[in-house]
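With the UniProt record's numbering, the residue at position 48 of the sequence shown is 48, and numbering never jumps. Please read the structure below before turning to the comments.
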Amino acid sequence: MDCYKVLELLTKFDKANSNVVTDQQLEEILETVYSSIPEDVLKEIAEDKSVISDVNDTSWQYLHLILYTIKTLCRTELAQESPLFTVDQFKSIKTAIEVSACIGIIPSLLPQVKTHANSIRSRTFKLKLDDENITEKYKRISYTTSALLDCYNEIILQAPILSQLDCLLAALLQLSHAPLSKPTEGNSTGSDSSSGFVMTKELYVKLKEEQTSFLLKLRKLIDNCPQTLLIKELMVILGVKNNPKWLQISIKRYLTDRIMQDNGVATLILAICDEISDLGKCWEKLDVAARLVVMSHGSNEEEYFKSICSQIINLLNSRDNRQGAIVAKCCIKALYDHKQEIFMEKIFRRIAEPFYLESINKPNASGILRTEDEVSQCVENLCKLFLTTDAEFKCISNEVLADVTLPLFYLYVVSHQSIYALREKVRKLILKVLELQTVRENTFAIILNHKEPDQQKKLNFQFGSKGGLQITSEPSNIGHEQIADCLFDLVKDKQQSFDLFTYLLKVLPQLSDMAQKVQEGTFLEIDEDGQNKLEIIEKQVIAVKLLTLLSDTSLVQKAQIKNPDPLLDFIKFLFRQLNSNNDTTHYELDVSMLYMGLMLVKIILTDGNVGQTWETYQNFIKSIKEQVDFKRMPQQVASLFEEIETIIKKKGNVYASYCDLSVENKNVSEFDKAIVDLTDPLLPVRAHGIIALTKLIERRHPDATMKKDFLLCVFQENLSHDDSFIYLAAINGICAMSSMFPDKVIEILVHEFIGMTQQTGNRDVAPETRAKLGEILVKTTRALGEMTPKYKSLLVNGFLCGTRDPDPLVRASSLSCLGEFCKIMGFRLGNLIIEILYCIECIIKTDKDDGCRRAGVLVATLLLRGLGKDALTELGENLVPLYRAMKHLRDNDKDPVLQLHAQLALEEFNDIVQQFLFSPLKVEKKIFLLP
């Protein structure tokens, strides 16, 4: 029997007039098909009909013949290893399966379910059937459903059968979950007395067994069909109005089960959002899907959220699928809005697990509590949630991030001066927390160790072998000053700088109080908060330093104009402190702070547009004069206060009152003002004068250019000053004059750099200052441009002398400067390069400091990379000791970072040799022009 031809005849209808097929049309089709089928096959068909021998109408015969033909096709042509069929043949198969669903399933569905099946898509035709009783409908739907499910095992038939998935699911749900009427007793009729149906005990048992069988088939189909299509069809059936309760309960249970499977959340999102490849087209659908996922389903809420939260975190961790991260963020936002407790427990605490000390297990043999990958993944996930650039509704409140501010800040402190890849992201996360006005002050207190956090702990971060940061059990050496420097670096260009300034003004009186008690001996060695005496005093000093740095920023100065009250209150406190305290222990510190505050007020009054706040300043002056005895105040403080009082009385018009007493008072140049500042007895004012002169030189101010010799002498004179601030300002001034006096400037800077290994007068120069001078020297060299080779010997000798400094920081800085100088020179150093290589070889062999050896290897790598294959011809045998030293470091040194640097240097050696030995041949053709 040609199954394809039979299916083509069976599905060929005349739809010219109507799409409703009658029994007469079916009989004509059957007669045509029977005439083309061999007699032996007709006998088999007749024998197979015995399963439905009690049903003899035309539609049943037609349905049976279609299903028999499809099953025969599965046993014959489709059972071959590589079956072949044409497009028309596949179309006939698909139409036959759809016709089977139209005849065998749709008419037999319950009314509520049938509504869905009829409306889901347009069917091939509608069969005009006589009213059937319940028994006939059940046989028709169960027979058709079983036959189609048997054919579903054939891969080729799965696609056309899945096109009728809505009918199959509706039929299976009805056959496996529809409630059965109870069996009757005696002669009483069943529940459907109009049709003459009676539910006997034997029939009830039989139907229960078949219900169990169809339930297994339903579960098998659910497991084996495409999950996206399955969820979509189940949701459509569930959405039909007036669905029976048993159908709603069953579908919800199956949907919940599917969502809890692996990738169930992603499958549900895909089912709802058809255009998942471009989520920008379906934000509303995605939002609905996310809210649907995070609503509690099923009886076991704990198990449900455990499953979906794990899936959401996996989607968030996905690096290959950007859409997965978007889906995860939408679901997390929906969970945060509806179930914050579950969000915190099962999402945020799992994402930020490395930052929660109680979740950290015992360290491994190397003392590592959390690896580099775990910390990096944690930071990346936090960035996805809180630094998102997508739509605003997918952003989580920054208040949640405040729970891990302290670990994030310590991570930033460790990576502050490194090339850590995630440093900028960590910085943005901390600034996100500081954007919140409600937690900002508390965050400053926790970071500066002014109060103990409730849950957050200080974690110890160290760099690992991969260049990332890991959490270890070994305590890190992070001081209060380093914390303060990093905090200042975070906020100096942000609006939060004024909030930090205001907070410090509030807390400094308390710190001063505690420090005074410590000095008086009325404070215990360890107070109730676990702070020792030294720590209390150190906190006070750090607060003063931060205040000084912040007061110089333009943002703070501008903000003070609008809100001067915190600063004025602080100045009042300092005045009272000096007026009532006879102890001279903190006298200088209090005077310095008071002078700094008054200077800031003066700047605000003279440079800022004070506007409506003059009354505030007038009340401030009045309050101070009433409470303070200026006879006990230092002369400079009293003088500055008088100037401020005059400015406030004249409301800023100070110079107008002296107009007639001084010739051209208004026209005093910037240069003259800076020179006047140089003669001031106060160090900050003199330092300001030097900085002002440096800026004038950089701007090529006519007065500064004309008096350049005088300025050079001024800067040289201040090189011997004890104060490091004035010293560095003088160095910067000399550096600015490099283009005017290149010979003198280079000689001065190099001699100063070389002489720093010894004491200058009675002053020891700090290693940081010496390192800073080396950087300034490199900066000056870069500014010289083409003139640099003239001074190469002098500069190289200076840097080589710096490599012999007793302090490892200076040695490492000198090596770094040497490498930078080589780059500036373009590695055209001549014979000096041999001296440099010898110095590097000695350092990496004998220096005990890891940082110095690392710097030496780095310079060697830069030299080799810059010289290329010319290194072999220019250096020759001088490279051999360096190569052996590098190899020894790689194989024997205990510092893994240094071993890595040595390996990189050896690779440069390898590249140089390969370029030299296997350089590509140049094919050239010379062309001569005849005269």
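Glycine residues also receive a C-beta, built at the ideal position from the N, C-alpha and C atoms.
Let me check one thing: in DSSP terms, what residues is residue i bridge-paired to?
i, result
"L469", "F463"
"R576", "R576 pairs with nothing; no bridge assigned."
"R370", "I471"
In whole angstroms, what separates the C-alpha of residue i from that of residue j?
i, j, result
"L173", "L247", "7 Å"
"G104", "K139", "9 Å"
"L578", "T788", "55 Å"
"I269", "F343", "19 Å"
"K560", "D722", "Note that residue 560 corresponds to Gln in the displayed sequence, not to Lys. Their Cα atoms are separated by approximately 33 Å."
"P509", "I542", "13 Å"
"I697", "L555", "26 Å"
"L594", "L448", "22 Å"
"I106", "I332", "41 Å"
"I222", "Q261", "12 Å"
"E642", "L534", "37 Å"
"P742", "G798", "16 Å"
"I621", "L567", "13 Å"
"R544", "H416", "It should be noted that the sequence gives Val, not Arg, for residue 544. When rounded, the distance between both Cα atoms is 22 Å."
"T553", "I478", "26 Å"
"C817", "L600", "37 Å"
"residue 940", "S296", "This structure gives no information on residue 940, because the portion of the chain shown stretches from 1 to 931."
"E39", "A289", "57 Å"
"R258", "M235", "12 Å"
"S250", "T145", "19 Å"
"D23", "S59", "7 Å"
"L406", "L382", "14 Å"
"N732", "I419", "26 Å"
"C822", "L867", "10 Å"
"E353", "A771", "39 Å"
"S476", "H751", "37 Å"
Measuring CA to CA, which of the options is closest to residue i?
i, options, result
"E372", "F799, F355 and L387", "F355"
"I571", "T145, L504, I536 and P226", "L504"
"S512", "E202, E538, M295 and Q496", "E538"
"A729", "L773, A171 and T135", "L773"
"S181", "T200, Y152, N381 and D552", "T200"
"S318", "D709, A334 and A266", "A266"
"P702", "F710, S100 and F671", "F671"
"S176", "L216, E303 and L149", "L216"
"P244", "E303, P179 and K208", "P179"
"C167", "L864, Q323 and V99", "V99"
"A860", "F909, D847 and K848", "F909"
"L682", "I326, M596 and A170", "M596"
"K790", "A812, L829, V810 and L929", "L829"
"Q482", "L546, K506, E924 and G866", "L546"
"residue 938", "P475, D485 and H888", "Outside the displayed span of the chain (1 to 931) sits residue 938, for which this structure offers no information."
"L809", "L837, L800 and E768", "E768"
"T76", "L26, C151 and S35", "C151"
"residue 938", "G464, K792 and V439", "Residue 938 lies beyond the range of the chain shown here (1 to 931); nothing can be said about it."
"V413", "L879, I836 and I430", "I430"
Give every residue of the same chain whose Cβ lies closer than 6 Å to the Cβ of residue i, excluding the five residues on either side of it in the sequence, and list them in chain order.
i, result
"S738", "V745, T780 and A783"
"C3", "T69, T72 and L73"
"D680", "R686"
"L549", "F488"
Between residue i and chain B, is there a C-beta pair that is closer than 8 Å?
i, result
"L221", "Of the protein chains in the structure, only one exists, and it is not chain B."
Using a Cβ-Cβ cut-off of 7 Å (strictly less than) and excluding sequence neighbours within five positions of residue i, which residues of its own chain qualify?
i, result
"V897", "R854"
"S669", "D703"
"L411", "V426, F461 and L469"
"residue 995", "This structure leaves residue 995 out entirely; the chain is present only between 1 and 931."
"T502", "P566"
Looking only at its own chain, which residues have a Cβ that is under 8 Å from the Cβ of residue i, when we skip the five neighbours before and after it?
i, result
"D850", "D895, V897 and L898"
"T184", "G190, V198, M199 and T200"
"E165", "The sequence shown places Leu at residue 165, rather than the Glu named in the question. Answer for L165: C225, L229, L230 and E233, listed in chain order."
"I308", "I259, M260, G264, V265, V293, V294 and C331"
key: Any 3 or more C-beta pairs closer than 8 Å across the region 619–636 and the region 568–575   = yes
query = Can we say the region 152–159 touches the region 227–240, given the rule of at least three CB pairs closer than 8 Å?
reply = no
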